[in-house]
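Data block below; observations after.
Below, the structure written as C-alpha cells:
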C-alpha cells in the first residue's frame, strides 16, 4: 500500500513513464536490413514492429496497477509502422544524401500517447577542391520519450531533437587539417522531466586535426555557445535560470591498434555559466572510451564506458553525474542469421545543491540487458526478435522499477 501511495504521488508530480522504443530502433524499421552504406540512387523501405512492455509506466515494486492506473496490469502493446525514402548521388566533387522517414506509434490502451514521427537526415557534402571540404547537415529525430521520470498520463510524451550544422575542413597537408563549424541543436520534451530541461544551444567551434599514416587521428576543438531552456509547461521557479553560456575544450582520439582491435576515446572540459543565478554554474570533465574487437570474421565485441556531468536543476541539486558502461557481443551464426547480446549499467547521482539546501540523497543504478536475433530472409528483407529487461535500483523506493519488453519486427527495402 505504501508503494502504491508513492507511485500515485510520483505520477502527479514527476514525468510519466511509458513504453518507448529507442529512436535508432524505430528508424531501423525504415532502413535496409543489413546494408552498412546506402547505395547510390533512390530506394524505399518499410517496416512493422510489435512490442509488449510489462511495465509501461515504470511503476515501483509493490505498486497496485489497479489503484494507480485503474487497470489490473501495467503492461501495454505498441505497434510501429514505418516508411522511408533514401537518396544518394555524386555530382562531381559534391555529394547529396537524404534520408526521410515516417514512424507511426500506435498504443493499444493509451491512444493519447500515439505519435506520427517525422524524421530526416539531409547532407550536402560539398568541396571547393579536394583539400577544402565540408558538410551542410540537417537532422530531425522525433520519438515517444522515455517514461522513467515522466509525470502526466493523459497527454502525449514526445521528444524532438534537432541538429543543424555547417562544417569546414581545410587539409593543409597529408597530416594536418584546420576545422571550423557552427551548430544549432535542440532537445525538446513535450512533458517536463525531473531535473532535465528542454534546451537549445547555438555554438561555433574551431579545431585542429592530425592524422597518421597508420590511420590514427587526434582532433582538438574549442567550442563556445549560448543556450536557453524551453519548458513553457514547467512551473516557474525562482531557483531556475533559463539562459546560459557554455565553453568546451574537446579532444577526440582514434587508434586502430591492430587489424582486429580499434580504440576511440574522448575528453571534454565543460564550463557553463548562467545569466542570472551563479549558483547553477558548473565546471566538469567528461570522458568516454570505446573498444571494438573482432576476434573472428563472424564475431564483434564492443565495450564502452563514459562519465558525464549535465545540468540537473532541482531544489536540491544543480548537476547530475552519470557513469555508464556497456558490453555488446554480435555473432553471425550464418551469413543470414545473427545473434546480439548486450548488457550495461548506469549510475547517477545529483550534486551541487543551492546554498542553504540539503544535498539530494537519491542515488540511482539502472541495469539494461537485451538479446536479439536477426534473420535476413532475403537480401532486401529481414525479421528480428528482441527481448529486453531494464531494472532501476534507487535509494528512493518510489523510483525503483523492473520492466521487460519483447518485440518482433519486419523490415524490407526496395
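Numbering (mature numbering (1 follows the signal peptide of the UniProt record, and there is no 0)), first residue to last: -36 to -1, 1 to 378.
Idealized CB from N, CA, C, for every residue including glycine.
Could you check the C-alpha separation between residue i and residue j for me, to the nearest Å?
i: residue 147; j: residue 356; result: 34 Å
i: residue -4; j: residue 303; result: Note that residue -4 has pLDDT 35, beneath the 50 cutoff, so the model's placement of it is unreliable and no number is given.
i: residue 96; j: residue 134; result: 5 Å
i: residue 211; j: residue 235; result: 5 Å
i: residue 367; j: residue 30; result: 17 Å
i: residue 328; j: residue 248; result: 20 Å
i: residue -9; j: residue 349; result: Summary for residue -9: the model assigns pLDDT 42, below 50, so the residue's position carries little reliability, and this model does not support an answer.
i: residue 22; j: residue 15; result: 16 Å
Would a C-beta distance cut-off of 8 Å place residue i and residue j closer than the cut-off?
i: residue 11; j: residue 373; result: yes
i: residue 287; j: residue 266; result: no
i: residue 227; j: residue 255; result: yes
i: residue 351; j: residue 301; result: no
i: residue 313; j: residue 293; result: no
i: residue 174; j: residue 139; result: yes
i: residue 195; j: residue 220; result: no
i: residue 145; j: residue 168; result: yes
Taking the alpha carbon of residue i as the reference point, which residue from the options has its own alpha carbon closest?
i: residue 186; options: 179, 90, 172; result: 172
i: residue 192; options: 180, 53, 231, 205; result: 205
i: residue 363; options: 339, 64, 25, 194; result: 25
i: residue 333; options: 291, 358, 234, 5; result: 291
i: residue 325; options: 269, 278, 224, 243; result: 278
i: residue 122; options: 232, 309, 253, 80; result: 80
i: residue 37; options: 168, 201, 17, 51; result: 17
i: residue 39; options: 309, 71, 268, 105; result: 71
i: residue 93; options: 268, 56, 222, 208; result: 56
Could you check how far apart the C-beta atoms of residue i and residue j are, in whole angstroms? I think they sit under 8 Å.
i: residue 44; j: residue 113; result: 23 Å between Cβ atoms; not a contact.
i: residue 341; j: residue 347; result: 6 Å
i: residue 375; j: residue 9; result: 7 Å
i: residue 141; j: residue 164; result: The Cβ separation is near 29 Å, so there is no contact.
i: residue 102; j: residue 128; result: 5 Å
i: residue 252; j: residue 230; result: 4 Å
Would you kindly report the start and end of the unbroken alpha helix (DSSP H) that includes residue i?
i: residue 32; result: 29 to 33
Just to confirm the assignment, what range does the beta strand (DSSP E) spanning residue i have?
i: residue 65; result: 58 to 71
i: residue 152; result: 140 to 153
i: residue 344; result: Run containing residue 344: none; DSSP gives neither H nor E here.
i: residue 259; result: 246 to 260
i: residue 162; result: Looking at the DSSP string, residue 162 is not in any beta strand (DSSP E), and its letter there is neither H nor E.
i: residue 134; result: 122 to 135
i: residue 103; result: 96 to 108
i: residue 79; result: 79 to 93
i: residue 239; result: Premise fails: residue 239 is in no beta strand (DSSP E) and is neither H nor E.
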